Every structure is written in structure tokens, then in C-alpha cells.
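*Asks:* Handing you a structure now.
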Amino acid sequence: MNLVLNFDQSQSSLPSGFVSDVDYVDSYFDSLFIANITVTIDVGYGEIDGQSLGSNDLGESEQIDVTSVSYSAVRNALIAQGAPGSSTLPSSAPTGNPGTLYMASAEQKALGLLANNSSLDGYVGFDGAANVFSYAINSAPPSNEYYFVGVLEHEITEVMGRTSYLDYSHAYSAMDLFRYSAANTRQFSTGAPSYFSVNGGATDLNNWNNFQTGNSGDLGDWAPSAGNDAFDDNSNSGVINSLSSADFTLMNAIGWTTSSNTPTPTPTPTIGNPILVFATDDGTVPVWQVSGYQITAAAYTTFGGATVGVPGPGWGIVDATGDFTGDGESDILWQTTGGQVAIWEMKGTQITDAGYTTLGGAVVGVPAPGWTILGAANFTGDGESDILWQTANGSPAIWEMNGTQVTAASYTMIGSTVIGAPGADWHIIGAGDFTGNGDDDLLWRTNGGALAIWEMNGFQITDAAYITEGSQQVGAPGPDWHLITTADFYGNGIDDLLWETNAGQVAIWQMNGTQIVSAGYVSSGSTIDNAPAGWKLDGAQDVNGDGKADLLWQTPSGQVAVWEMNGTQVVGAGYLAVGNVQGTTPADWTIAQHNYNFI
């Protein structure tokens, strides 16, 4: 696509970062959407098409040249593109008195219903008040500012056709054809329920805003339950509102073919200040902030200036890698022997908030005897970690989270059917984003060593298959091979598998979905690097900020070592230190950085 964004004001008069963000989204969308057409939009700061924005609106959009179009022509064009959901469109205009199908010029050009031209297709405008937006790209904004890139993506895609016309009399858009109230029941009103589906309503990919259970905003936006999504009706401050896999599927469904089947969403941030959280015998919770090999801060966790350790007997850290607020900072997930679940929201070594997990205002803990928290993972692509559970019979369940709030909870499902563990000998050993779509997936292993991945979208299993290399199914290399963690060692937004053997061999499998792209031992040049005697491999984290995970080790004498990685290659190694002084931990300090319940 050739996206032409014209500024209403002189670029020199616009805030620092405004122009570069517009240019960033322009270039990103040009590469993402492959239609050989030109879409022209005027961009306003503090106005839209010379008019003031509505009160409290971060951004607004306006389509032009909206005309009625033939349903059959739209249907045929979507089928010809192989658009998701096109096979579910009825041969004649749907019943339910939706009225007339309308479409703006940009989407008509994408579907070949209008000859390509460079005429103006619409307007977007953004709030011009000071300090409303953060213009940092792929970085969580301050708590009182909004992520401008996400608002840009929101408004531009509305000009491209991501709009509902159901609040107009007897009118609907192409997008409204994928709005459902139940399986096989399209929703052509402003009521509830209303959700996006491309398989006849069997699978709810995301909930649309409506005037009953949502708010008075756009019907074409996601409801608040979508979390921090660029297409959400309301943006939250202090977080990245990113594009999700559901967003890409939606744009594909209305006629915007993308450059790959699983385009990469706007990345959620790498943890801005990598931290190592230690569990100790005396109940204190030490934290080291690190940058490269340097310990930039070291302190016991504090709250309101007072040192705070383990809340009480029986409390244990389950995971210290999750980000439950989407602010780019690691948080700490706790569980007690009595069944309570709590989260410390962190900023570096400081506890900014702490509380038990709640649902609808009520505290909720372990749902039933035998349930175990496996750890934190992001199954919804909203930048906020969720809690993964396994029941006594091995079935997985997910709590979708926003801070300490449980926003939704369910067993894993296909459509409306609950899907549990494939068999009694199947065990979840990890979770990671193996497709690069922003949603974490589940990794299974059987007692016999077979490996399989469930690709996930929230609670929904979107695909499931054994791990393969080429056309050959591949299992665990041997019974003495153990998965240490999943992490992105190649900087491509896709998580890989880190293995270690009882003999100290370390290997990485580069993944793409269920396919092994490459596999090799960790090496320096051509020399294989085994674990030094007595060293414990404690996980992986990007400590040098290059977007690629590095290996974390604890030595018998208490040092913490880092191997900087580029794929399977060790490109640097050193001990963590303050200045030139190595940081040494007492014997009872154990890195609680990754989730030991997976191992």
C-alpha cells in the first residue's frame, strides 16, 4: 500500500516526536498491507479537517466518499482474496433487515471496487493539549500519558474501513458482516452480545463495543474487555496500546491482505529495567537491577519506604517475569500454601502496589484442591501477563489479568467446547509466543518425550500439532533433556526452546510455530560450551538491550554470570558486578526469575 499522510500544519510547528511517529506508522502500514493502491489521509494536530475534536477524544477519524456498494461484489472480492470469514458469507445479502451496505473509498480501492487514485480518502486528528501523548515508539509511556502510535493506528484503520454503520438507520459495513451475537447469528443492531468471528460465530476472537454492555463510543471498536489494544474504544494511559492478532485478522477479513499469514504486531516492550529477584531462606526479597554486566541497583523490596519481605509463612514466589500492568516492568506473582494468590506490582526494586487477586471486587484464590499455578504468560497479546493454571486432572485454565484484577477466567477451549489435557501422560512444560503474533502458546510433553504446541488466542486453541522439523515429528532428544525456559534468542519476536541435559549440554531450538527452524548446541565459534562444573542455568533474559535473550547462571561460589547470546552463539560472557566488584550472593539466595513449576 502507498499510504500518503499529509500534515495540516507545518511540520516544524508540531511537537517533537509527532512527525516521526506518523512517519513510523506510514512506513509500517506500507509494508504490512500489500494492496497496490494509494490511500491519502490528512493529519491534524489539535483539529480534524479544521474542526475541534470532541471533549476527551484522543483522536478522531472521518471517512469521505462513503457510498452504497453491491453486497455480491463485496462478497466475491473477499472470497477472491481468501479473506478470513469470506466462506461464511451467504450467497445473498444477509437477513435481519440490516439495510444497505456502505463503504468508503479506501476500502473500495482495496477490494478493486473503485479504480486506484490519489484523491483524499479521509481525515484524522489528534488532541493538541500539552503532555497528553508519549511519542516514544514501542516503549510504555509515563502513567499520565497515552501511547500515540496506538492512537494513530486506531484512527487510520478506521479510514481504511474498520468502521460500523449499525448506528445509522438501515445501514451496515463490510465489517458488520462479522459481528455475531451467537453461533450462526449475526448481530445487526447496537445491542449485546456482539463479538468478532470468522467461523460463523463459533469462535469469539474479541468483543465489540455496544450500547448495552460497552459504552456510547464507536461500535466498530473493541469493548473494554479487549485490554490494552490499539482498536479498543478507550485507551489507558501509561501502557502500550498495541496491535493484536485479532486486529490483523479483522483487517484481513475486511479486505486488507497482509504481507504474511501471521504479521508481527507492534511489539510490546522488553522489560525496561531487567531485574533479578532472589528467594532467600530468611524471607527477604532482594532485587538486582541489571544493564549488561552491571548491577545498577540492588536493594531489598520496599513499599512506601519500608523494607517488605515474604508476606507470611507458606508464601512463595511463583514467577518474577510477568508484567501484569503492561508498564514494561517485571512484577512478582505469589501463592500461599493456604491457596491465596497475590501480585506485587513493581518498578525496579520498589513495590508500587500489592494485593490479592480479585474478580468483580471479591478476592479469589486457588479455584479447587489440586490446582497449580504454572506461571505468568500473555495469552491475549495486550501486553499484560495472565495466570496459567493446571487442574488436578492436568487440564489447563487461564485467568486473564489486568493488574490484580481477574478480567476473565476459563478452561482452554475450541469454540465452546472445553479441551483438557490430551492424556494422563501429557504435561505442560512451558509457554511462549511461538508464532510471533503477540499471544503466548502452550508447550506440552508426554512421558514418552513427544512434544506438541497449542497455539492460543486467549482461552481459544487456534491450532494444535506436534513439533516437527521439515516433515519429521521431533520429540525431546532424550529423557535426560530438560526444558529450562522459552525465550527469543534471535530477536525476531518468536520464542525459542532452551534445553539442558543432566550432563550439562545446553542447546537451543529456533522455532516458528510448531516447526524447528534450526537447532544447535550453545557454542563460542565452533566450540561447544557446556555448563561449567557446579553452575546452575537459571533462565534467560535480555540484559544488554539488543532484543535477544541472554543466559543467566549461578555459580557454586555465589556469583551470577551472563552469557550474551546471538542465537546459539555466545558473543560475550561476564559476571554481574558493581563497577569492577563482582556481585556475590549468600548461599541461600536463589534466582526466582523464571517459573520453576514448568521445569
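Basically this note's numbering = 1-based index in the sequence shown + 69. Where a beta carbon is used, it is the ideal one built from N, C-alpha and C, also for glycine. None of the values given here were measured: they were computed from a predicted structure.
What distance in whole Å lies between the Cβ atoms of Leu511 and Ile488, which are believed to be in contact at a cut-off of 8 Å?
*Replies:* Incorrect: roughly 11 Å between the Cβ atoms, too far for contact.
*Asks:* Should the stretch 425-435 be called in touch with the stretch 379-395, which here means at least 3 C-beta pairs below 8 Å?
*Replies:* No, they do not touch.
*Asks:* Trp632 to Ser592, Cα distance in whole Å?
*Replies:* If you take the alpha carbons of Trp632 and Ser592, they lie about 11 Å apart.
*Asks:* How is Ser360 classed by DSSP in three states: helix, strand or coil?
*Replies:* Here Ser360 sits in strand by DSSP.
*Asks:* Per the contact definition of three or more C-beta pairs closer than 8 Å, is the stretch 366-373 in contact with the stretch 412-419?
*Replies:* The stretch 412-419 is in contact with the stretch 366-373.
*Asks:* Taking the alpha helix (DSSP H) that Lys178 belongs to, which residues open and close that run?
*Replies:* Note, Lys178: alpha helix (DSSP H), 174-179.
*Asks:* May I have a chain-ordered list of the beta strand (DSSP E) segments no shorter than 3 residues that lie completely inside the stretch 618-667?
*Replies:* Entirely contained in the stretch 618-667, the beta strand (DSSP E) runs reaching 3 residues are, in chain order, 619-623, 629-635, 638-644.
*Asks:* Is it right to say Asp350 is buried, meaning 16 or more other beta carbons lie within 10 angstroms of its own, or is it exposed?
*Replies:* Its Cβ having fewer than 16 others within 10 Å, Asp350 is exposed.
*Asks:* Could you pull the DSSP bridge partners for Met229 from this structure?
*Replies:* In DSSP, Met229 forms no bridge with anything.
*Asks:* For Arg255, which residues does DSSP report across the bridge?
*Replies:* DSSP lists Tyr249 as partners of Arg255.
*Asks:* Taking contact to mean 3 or more Cβ pairs, one atom from each stretch, closer than 8 Å, check whether the stretch 307-325 and the stretch 224-234 are in contact.
*Replies:* Short answer: they touch.
*Asks:* Let me confirm a value: Thr335 is counted as buried when at least 16 other C-beta atoms fall within 10 Å, else exposed. Which label applies?
*Replies:* At Thr335, the pLDDT of 41 sits below 50, so the modelled position is not reliable; the number obtained from the coordinates is stated separately. Buried, by the Cβ-count rule.
*Asks:* Pairs of beta-carbons, one from the stretch 286-304 and one from the stretch 451-466, closer than 8 Å: are there three or more?
*Replies:* Result yes; three or more Cβ-Cβ pairs closer than 8 Å.
*Asks:* If we ignore side chains and look at the alpha-carbon of each, how far apart do Asp392 and Val475 end up?
*Replies:* So the alpha carbons of these two residues sit roughly 14 Å apart.
*Asks:* Mind checking whether Val359 and Thr353 have CB atoms under 8 Å apart?
*Replies:* No, the Cβ-Cβ distance between Val359 and Thr353 is not below 8 Å.
*Asks:* Between which two residues does the beta strand (DSSP E) harbouring Phe317 extend?
*Replies:* Unbroken run through Phe317 is the alpha helix (DSSP H), 314-322; no beta strand (DSSP E).
*Asks:* Measure the C-alpha to C-alpha separation of Gly544 and Met482 and round it to an integer number of angstroms.
*Replies:* Each residue's alpha carbon lies about 25 Å from the other.
*Asks:* I'd like to know if the stretch 551-568 and the stretch 628-642 are in contact, where contact means that at least 3 CB-CB pairs between them fall below 8 Å.
*Replies:* Contact holds: three or more Cβ-Cβ distances are below 8 Å.
*Asks:* Quick check on Asp77: does DSSP put it in helix, strand or coil?
*Replies:* Of the three classes helix, strand and coil, the one that applies to Asp77 here is coil, per DSSP.
*Asks:* Tell me whether Pro210 is buried or exposed, calling it buried when 16 or more other Cβ atoms sit within 10 Å of its Cβ.
*Replies:* The residue in question, Pro210, is buried, as its Cβ has 16 or more Cβ neighbours within 10 Å.
*Asks:* If we ignore side chains and look at the alpha-carbon of each, how far apart do Gly472 and Gly168 end up?
*Replies:* One C-alpha to the other measures close to 42 Å.
*Asks:* Which value, in whole angstroms, describes the spacing of the CA atoms of Asp90 and Val218?
*Replies:* Between Asp90 and Val218, the C-alpha separation is close to 6 Å.
*Asks:* Enumerated in chain order, which unbroken segments of the beta strand (DSSP E) with a length of 3 residues or greater are wholly contained in the stretch 498-529?
*Replies:* Runs of the beta strand (DSSP E) inside the stretch 498-529: 510-515, 520-526.
*Asks:* Taking 7 Å as the limit between beta carbons, can you name the residues of its chain near Leu464, skipping five residues before and five after?
*Replies:* It should be pointed out that residue 464 corresponds to Ser in this sequence rather than to Leu. Answer for Ser464: Tyr480, Gly489, Ala490, listed in chain order.
*Asks:* For Ser89, report the span of its alpha helix (DSSP H) as first-last.
*Replies:* First-last of the alpha helix (DSSP H) with Ser89: 87-101.
*Asks:* Kindly give me the distance between the Cβ atoms of Gly157 and Asn268, rounded to whole angstroms, as I take these residues to be in contact under 8 Å.
*Replies:* Before going further, note that residue 157 is Thr rather than Gly in the sequence given. Right, the Cβ-Cβ distance comes to about 7 Å (below 8 Å), so this counts as a contact.
*Asks:* Whole-angstrom Cβ separation of Thr659 and Ala348, contact assumed at under 8 Å?
*Replies:* Right, the Cβ-Cβ distance comes to about 5 Å (below 8 Å), so this counts as a contact.
*Asks:* Assess, as a yes-or-no matter, whether the stretch 638-648 is touched by the stretch 373-383 under the definition of 3 or more beta carbon pairs within less than 8 Å.
*Replies:* Touching, no.
*Asks:* Between the alpha carbons of Ala609 and Tyr97, how many angstroms are there, rounded?
*Replies:* C-alpha separation (whole angstroms): 30 Å.
*Asks:* Go ahead and label Pro438 buried or exposed: buried means 16 or more other beta carbons lie within 10 angstroms of its beta carbon, across all protein chains shown.
*Replies:* Looking at its Cβ environment, which holds fewer than 16 other Cβ atoms inside 10 Å, Pro438 is exposed.
*Asks:* In angstroms with no decimal places, state the Cα-to-Cα distance between Gly237 and Trp578.
*Replies:* The identity of residue 237 in the sequence shown is Tyr, whereas the question assumes Gly. One C-alpha to the other measures close to 53 Å.
*Asks:* Within the same chain, show all residues whose beta-carbon is closer than 6 Å to that of Glu129, passing over the 5 residues directly before and after it, in chain order.
*Replies:* Closer than 6 Å at the Cβ level, and outside the excluded window around Glu129, lie Ile117, Leu122, Gly194.
*Asks:* Look at the Cβ atom of Ile110, then the Cβ atom of Gly191, and state whether they are nearer than 8 Å.
*Replies:* Contact flag set, yes.
*Asks:* Need the endpoints of the alpha helix (DSSP H) that Ala149 sits in, please.
*Replies:* Where Ala149 is concerned, the enclosing alpha helix (DSSP H) stretches over 140-150.
*Asks:* Following the continuous beta strand (DSSP E) through Val346, name the residue where it begins and the one where it ends.
*Replies:* Looking at the DSSP string, the run of the beta strand (DSSP E) that includes Val346 is 344-348.
*Asks:* Give the straight-line distance between the Cα atoms of Gly408 and Val435, rounded to the nearest whole angstrom.
*Replies:* Those two C-alpha atoms are separated by around 5 Å.
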